[in-house]
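Taken in sequence, the protein lines are chains A and B. Going by the working numbering, the letters in the first sequence line up with residues 17 to 299, in that order. Going by the working numbering, the letters in the second sequence line up with residues 14 to 164, in that order. What follows is a set of notes on a single structure, which appears directly below.
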Amino acid sequence: MTDKQPFYSNPLIPEGINTSKAHPVKTFFKLLVSFILIVALTAWVLGKSGGYLFSLIPFEREIELAELYPEDLEPEESKMQAYLEKLVGKIEQAMDIPNNMPIHVHYVNDSTQNAFATLGGHLFIHRGLLNKLSNENTITMLLAHEVAHVKHRDPIRSLGQELAISTGMALLLGQSDIKLLGEAGLYTSLKFSREMELSCDKEAVNALVKIYGHANGASELFNILSTLGDDELITKPDFFVTHPQEESRLGQISRLITQKNWSETGNTQALPKAFRTWMMIKE
Amino acid sequence: MYELFFIFILLIISYFIGTHREKKHYKSLISREKVLNSLPAISVKTPPKDKAYNQQLVIGNVTISVDYFKRFLATLHNFFGGRVTSYETLLDRARREALLRMKEAASLEKASLVVNVKYETVAIYTGRRRAIGSVEILAYGTAMIPLDNEA
C-alpha cells in the first residue's frame with residue numbers, strides 16, 4: 017500500500033515549535049510587577065492631581081455640594097449637641113477657622129465607635145466613641161482633630177483623589193464602577209491618607225494646648241483609639257491599613273509635646289454632670 | 014484586600030495542578046502520535062486515484078480549558094500585548110488532541126489515509142468580562158478506506 021502512495025506521510029513534529037519556552041512563572045512575575053508599578057504610579061499621579069484640583073473648589077461651593085443634614089434629635093440629645101458645638105466654637109477660635117468656613121457638629125446616637133469629618137464642614141460624633149472618653153480634654157482633642165480635617169480641606173481633597181483614581185482606573189482597566197457619589201451620599205466617612213491624619217493630629221494638639229494651656233488628654237485619645245482598633249487589626253494585616261497605626265500617631269504627638277516642652281500633667285476638665293443623660297443611651 | 018491572598022493561593026494551586034496535567038497530556042500526545050504516525054492525515058483535497066476507496070467523514074473533537082493561573086497570565090498579556098504565551102500550549106494541545114481523535118476514528122474504520130483535513134476552533138467564553146475559559150477544536154477530514162481491506 018505505502019509503495020503506491022509514498023508522497024503521503026506525516027512527519028513527527030518537533031516538540032516546542034508551537035509553544036513558548038519562557039517559564040510561565042517568570043513571565044507572570046515580570047508582567048505582574050510591571051502592571052502593579054504602572055497602576056500604582058497612575059493612581060498616585062491621579063490622586064495627587066485630583067486632590068489638588070478639588071482643593072481649589074471654594075468652601076462655599078463645597079457647602080452647596082453637601083445638602084442639609086436632617087436633624088432629628090430628642091431634647092436631651094440636643095443638649096449633647098449644644099455641648100459639642102460649644103467645644104467646637106472654642107476650637108474654631110484656637111485654630112483661626114475663617115468665618116466663611118462654618119463647622120457643624122452632629123451627635124449620632126448609636127453604638128458605632130467612630131467620629132469623622134465630611135464635606136461641607138460637617139462633623140459626626142457617634143455615641144459609641146463619646147462613651148469611651150472620660151474628660152472634656154480628650155473630647156476636645158477628638159473634635160479638634162476633625163475640625164483640622166475641615167480646615168485642611170481633607171474631605172474634598174479625598175473626594176477628588178478618589179474620583180480621579182476611580183475614573184482613571186476605569187479607563188485603564190476598562191471597568192465602569194464609578195459610583196462614588198452613590199446612594200450613600202456625602203455623609204459617609206471618606207478615607208484620609210496617612211499624611212492628612214498625622215498633620216491633623218499636630219494641628220489638634222496645638223489647639224488643645226491653646227485652649228487648656230497643657231496637652232493632657234491627647235495621648236489618652238490615642239490610647240483609647242488603639243483599643244478600639246483591636247477587632248480591625250485581627251481582620252486586617254498591618255500593611256493594608258491606610259490609617260496610621262495609633263502607636264505611630266501617639267509617637268508623633270509625644271515627640272511634639274517633648275519638643276515644644278508642653279506639660280502633659282495639667283488638670284483635666286471634668287465632663288458636665290448631665291453628660292450621661294445627654295447621651296440618651298437606647299439599648 | 015483579603016481577596017488578594019485568596020487569589021494568590023488559587024494561583025499557586027492552579028499553577029501546580031495545571032502544569033502537572035499539561036505535562037501528562039503532552040506525554041500521552043507524544044506516545045499516541047508515534048503510534049498513529051503510520052496513518053497520514055493531510056490537507057490535500059483530491060483523493061488518491063490509485064485504487065477504489067470507500068470515503069467517509071471522520072471527526073475528532075476536544076474541549077480543553079486553561080487553568081486559573083494561565084487565564085490570569087493571559088489577562089496580563091492582554092494588557093501589555095505581545096505573544097499570549099499562556100494560551101499557546103492550550104491551543105497546541107487542543108489541535109493535536111483533536112487530530113489524534115480524528116485519526117483514532119479513521120484507524121477504527123481501517124482507513125489508510127485521511128485527506129482534506131480541516132480544523133474548526135471555537136472559543137467558549139466564560140466568566141466575567143468575557144475572558145476566554147476554554148476552546149473547542151474540531152478536526153475533520155475524509156477517511157480513505159481501501160476496498161480490498163474489506164474483502
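Positions of the beta carbon are idealized from the N, C-alpha and C atoms, including for glycine.
| Asked | Found |
| --- | --- |
| Segments assigned beta strand (DSSP E), at least 3 residues, entirely inside the stretch 100 to 147 of chain B | 126 to 139 |
| Reduced DSSP category for Ala-231/A - H, G, I as helix; E, B as strand; rest coil | coil |
| Cβ pair count under 8 Å reaching 3, the stretch 30 to 47 of chain A against the stretch 45 to 59 of chain B | no |
| Proximity test, Cβ basis, 7 Å: Asp-105/B and chain A | yes |
| Among Phe-70/A, Leu-214/A and Ala-110/A, the one whose alpha carbon lies nearest that of Arg-271/A | Leu-214/A |
| Neighbourhood of Glu-101/A by C-beta, 7 Å cutoff - its chain only, sequence neighbours within 5 removed | Val-121 |
| Beta-carbon spacing of Ala-110/A, Ile-227/A below 7 Å | yes |
| Enclosing beta strand (DSSP E) for Ile-141/A [first to last residue] | 138 to 142 |
| Continuous alpha helix (DSSP H) stretch holding Ala-56/A: start and end | 40 to 71 |
| Beta carbon proximity, Glu-199/A to chain B, threshold 7 Å | In this prediction, Glu-199/A has a pLDDT of 37, which is less than 50 and means its spatial position is unreliable; what the coordinates show is noted afterwards. No, because no Cβ of chain B sits closer than 7 Å to the Cβ of Glu-199/A. |
| Chain A contact for Ala-164/B (CB, 7 Å cutoff) | Any reading at Ala-164/B needs caution, since the residue's pLDDT is 47, under 50, leaving its predicted position unreliable; the model's value is listed next. Taking Cβ atoms only, chain A never reaches closer than 7 Å to Ala-164/B, which makes this a no. |
| is_contact[Phe-51/A, chain B] using C-beta, thresh 7 Å | yes |
| Beta-carbon proximity list for Gly-282/A, same chain, < 7 Å, skipping 5 on both sides | Tyr-228, Gly-229, His-230 and Asn-232 |
| Neighbour flag for Ser-25/A against chain B, beta carbons, 7 Å | yes |
| Pick from Asn-153/A, Asn-125/A and Ser-150/A that is closest to Phe-140/A, judged by C-alpha positions | Asn-125/A |
| CA-to-CA distance, Lys-106/A to Ala-290/A, given in whole angstroms | 20 Å |
| Ala-56/A classed as buried or exposed, judged by whether at least 16 other C-beta atoms fall within 10 angstroms | exposed |
| Residues in the stretch 30 to 46 of chain A having any Cβ partner in chain B nearer than 8 Å | Glu-31, Asn-34, Thr-35, Ser-36, Ala-38, Pro-40, Val-41, Thr-43 and Phe-44 |
| Nearest to Ala-223/A (by Cα), restricted to the options Leu-159/A, Leu-189/A and Lys-95/A | Leu-159/A |
| Pick from Glu-211/A, Gln-268/A and Val-166/A that is closest to Ser-235/A, judged by C-alpha positions | Gln-268/A |
| Contact under 7 Å by Cβ, Arg-84/B with Ile-150/B | no |
| Chain-ordered chain A contacts of Asn-50/B [CB-CB under 8 Å] | Asn-26 and Leu-28 |
| Exposed unless 16 or more other CB atoms sit within 10 angstroms - verdict on Ile-181/A | buried |
| Local conformation of Ile-107/A per DSSP, three classes | helix |
| Reduced DSSP secondary structure (H/G/I, E/B, other) of Tyr-66/B | strand |
| Exposure label - Tyr-28/B; buried when at least 16 CB within 10 Å | buried |
| Other residues of its chain near Trp-294/A: CB distance less than 6 Å, five sequence neighbours each side excluded | Glu-92, Lys-95 and Met-96 |
| DSSP-derived helix/strand/coil call for Leu-179/A | helix |
| Glu-149/B - partner residues in DSSP beta bridges | Thr-76/B and Val-135/B |
| Ser-127/A versus Ile-54/A, His-142/A, Asn-153/A and Thr-284/A, residue with shortest Cα-Cα distance | His-142/A |
| Start-to-end residues for the beta strand (DSSP E) that takes in Ala-133/A | 131 to 134 |
| Cutoff 6 Å; reference Tyr-81/B; Cβ partners in own chain excluding five residues on either side | Leu-23 and Ser-27 |
| Neighbour list for Thr-98/B in chain A, Cβ cutoff strictly below 8 Å | Thr-35, Ser-36, Ala-38, Pro-40 and Thr-43 |
| Within chain B, partners of His-48/A - CB distance below 8 Å | Position check: residue 48/A holds Leu in this sequence, whereas His was assumed. Going along chain B in sequence order, the residues near Leu-48/A (Cβ under 8 Å) are Leu-89. |
| Any C-beta of chain A under 7 Å from that of Leu-10/B | Since the first residue shown for chain B is 14 and the last is 164, residue 10/B is missing from the structure and cannot be characterised. |
| Contact check, Arg-265/A vs Phe-238/A, beta carbons under 7 Å | yes |
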